[in-house]
Amino acid sequence: MFARLISASEQVLGWSRSRKRLFVMAHDGLLCVLACWLAYWLRLSTVSFDLRPFALTVVAALFFWLPIFRVSDIYRTLFRFAGPGTMTRLMTAGLSYAVPMVVLFLVVSVPTVPRTVGVLQPILFVGLLGLSRILARYVLVDLLNQQNFSGRRQSVAIYGAGTAGQQLAASMRHEPSMRLYAFFDDDVRLDRQTLEGVPIYHASRLREAIETLGIDSVLIAIPSVSRTRRKAIIESLEPYRVEVRILPNVRDIVDGTVDVEKLRTVSIDDLLGRDPVPPNEVLLARTILEKTVLITGAGGSIGSELCRQAAQLRPAKLVLAEISEFALYNIESELREMREAGEFGGEFEIVPRLVNVVSESDIRRLYEETKPDTVFHAAAYKHVPLVEENMLAGVRNNVFGTLNCARLAKEAGVERFILVSTDKAVRPTNVMGASKRVCELVLQAMASEPGGTRFAMVRFGNVLGSSGSVVPLFERQIAEGGPVTLTHRDVTRYFMTIPEAAQLVIQAGAMADSGEVYLLDMGKPVRIGDLAELMVTLSGLTVRNEQNPDGDIEIREVGLRPGEKLYEELLIDADAQRTHHPSISQGNEFFLPWAQLQQELSGLDAAIRSGDESFALATLVRLVPGFDRPLIAEGARPRADSLGLPS
């Protein structure tokens, strides 16, 4: 019988939408007749009654039912998705239906029809309708899902018993692979209570619940929680072998669209544990508002985010300069779609331009055509191993691309020119870092010369989600079953989200006066070995090592790449001045006079043109004190944030 029920249900689900609607209406019509019969039976306490008044009652009930329920959109809702909203509409339609029935049979009174039938029948009818929808949902969702799912069901707990947690729990009814066993919550008043029959545990009882109930996965459903608290929650779950996923978007709660599909895995952003400082609106507007803004490298990780944030600040014109046709197409399309959707709060011109920053004619023509007020120079080759193997191309693009853009900006009377730099420019051990330090020297020297353009450099570390980032690499390797490869367990890196970095770059650029080097507060450095272990653990897996030879994922060291440093720094000199923004400081660093630097650059340019790598490298060594191939001693390495794992 069970198999027949499942088979019949699957056949019904295969019907067309109109056929299913007619089926439901016929089903409800039968329930309406059944409610009439039950009302007579309850009133007369017998099944033997005069059919003429009964028939009159049925005709009246069907007459009122069909138009009222059609108008109430009851038959636009799918049975298997029936929820609280469906039941609310059903009750509203039921009340609308009850009014004429009560008026006809109780107030006006129809001869031979018991008056109480006018009250009993609507109550019974609405009750039968509600029960039928609950049963249909059980058959069409729970039974079919169980029948079609042959794998192991995941034992799940939801962290957060608020609105988001409740909506997530409701959506899990459609997931045959998951079964909810518990809620966790920080509110001690909810401890030992139940929600929809599921027990609630205070956060202090994590171990008890996870071990007793055999929890496999914890879903964090507190979208509005601070990063600091989110990190603490994640670290509290780290000792247990549970997969951790997060519900990211608070907007979904307002829309009522929280579901399992919106869950994401833990990202390093969740592990940074620091909340961004609210932006200074005056600084944000100073370089963007009603100005023509030019962004080079507009299709890159930082460049594209600078475009998005600049667009939010109501520029007069946004010029996108990019050498990659594909990258330029992507960012231009995205910005146009966002503008048409009204996400920017105003109209502005978007000007996409395919240019090579090394080409003097390209940049001169670009400046003459667009007349920018502010330039953010984000175009650069940044991948350390690639620049190491293609040294001359990397130096040409980074150094002479910057020189070209900055010199012509000064000639064109650009108000502000902001260079996006890197922490790898500090005591570099690779060509990429050395080339970026020379870029800084170019701007510092130009700023010391007469002219109206304000130059500034903004130096920061790794950004999350950028191309070549270690985090997506680890995620892919874990998903493939390992091994997770890292160059050295003790490598440490600073991390920041791309939106936060771009926002701070804009604010730092607004402070520009005469060649300042601005440093962004990156928080504590993160040890990459600890990061790899934590990402494995929070995926519900274990690390395979000597202590645990039966673990799931091996972490394998492959050796430092050419030019790679164990750790990064932001300062060349030890001291830095505070600015009026708590996340931005200013470095005091040496620079070369323009005449001396110009002579070195001429020699470097000649070496690149002739393909003389040795001379080019020697020039970089002369220009950049501290540029050395050997790795810096481990003892000088700053302390890394252990991310809750033992060092």
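Residue numbers (my numbering): 673 to 1319. Ideal Cβ placement from N, Cα and C applies to all residues, glycine included.
1. Would L885 and S849 qualify as a contact pair, given that the criterion is a beta-carbon distance under 8 Å?
2. Going by CA-CA distance only, name the one from F741, C704, R1008 that's closest to Y727.
3. Can you name, in chain order, every residue of its own chain whose Cβ lies under 7 Å from the Cβ of A1288, other than the five neighbours on each side?
4. What distance in whole Å lies between the Cβ atoms of R1131 and V1189, which are believed to be in contact at a cut-off of 8 Å?
5. Which class does L1091 belong to by DSSP, given the choice of helix, strand or coil?
6. Do you know offhand how far P911's Cα is from R877's?
7. For V922, does the three-state DSSP call read helix, strand or coil?
8. Measure how close the beta-carbons of R1088 and T1209 come, nearest whole angstrom, since I'm counting them as under 8 Å.
9. Output needed for E1285: all residues of its chain with C-beta closer than 7 Å, excluding positions within five of it in sequence on either side, in chain order.
10. To the nearest angstrom, how far is it from the Cα of F1127 to the Cα of A1180?
11. Nearest to L891 by CA position, among V696, I905, R879, S1120, is which residue?
12. Grab me the residues of S781's own chain with a C-beta within less than 7 Å of its C-beta, minus the 5 sequence neighbours each way, in chain order.
13. So what's A1117 in DSSP terms, helix, strand or just coil?
14. Can you tell me which of the three DSSP states H1055 falls into?
15. Are the CB atoms of N1070 and C1111 nearer to each other than 8 Å?
16. Are E1060 and V1103 closer than 8 Å when you measure CB to CB?
17. My parser needs the alpha helix (DSSP H) runs of 4 or more residues fully inside the stretch 1152-1211; what are they?
18. My assumption, with CB atoms under 8 Å, is that L852 sits in contact with I830. Please give the rounded CB distance.
19. On the criterion of 16 or more Cβ atoms from any shown chain inside 10 Å, does N952 qualify as buried, or is it exposed?
20. Excluding the 5 residues preceding and the 5 following W737 in the sequence, name in chain order all residues of the same chain whose CB lies nearer than 7 Å to its CB.
21. Rounded to whole angstroms, what is the Cα-Cα separation between P1122 and Y1039?
22. Output the boundary residues of the alpha helix (DSSP H) element that contains Q865.
23. If we call anything under 8 Å between Cβ atoms a contact, is K989 one with F1020?
24. Which same chain residues, not among the five before or five after G1231, have their C-beta less than 8 Å away from its C-beta?
25. Report the CB separation of T968 from A1051 in whole angstroms; it is logged as a contact under 8 Å.
26. In the DSSP output, which residue or residues are listed as bridge partners for E915?
Let me spell this out:
1. no
2. Rather than Tyr, the amino acid found at residue 727 in this sequence is Ala. Minimum Cα distance to A727 is reached at C704.
3. M1063, L1064, V1067, L1276, A1279, I1280
4. 6 Å
5. strand
6. 14 Å
7. Confidence at V922 is low in this model, with a pLDDT of 49, below 50, so the placement of that residue should be treated as unreliable; the coordinate-derived value is given next. Looking at V922 - three-state DSSP - the assignment turns out to be coil, as it is neither helix nor strand.
8. At roughly 46 Å, the Cβ-Cβ gap does not stay under 8 Å, so R1088 and T1209 are not in contact.
9. M1063, L1064
10. 11 Å
11. I905
12. R787
13. helix
14. coil
15. yes
16. yes
17. 1170-1182, 1200-1209
18. 7 Å
19. buried
20. C704, Y769
21. 20 Å
22. Counting along the chain, Q865 falls outside any alpha helix (DSSP H), and DSSP gives it neither H nor E.
23. yes
24. T1159, H1160
25. 4 Å
26. S889, S1211
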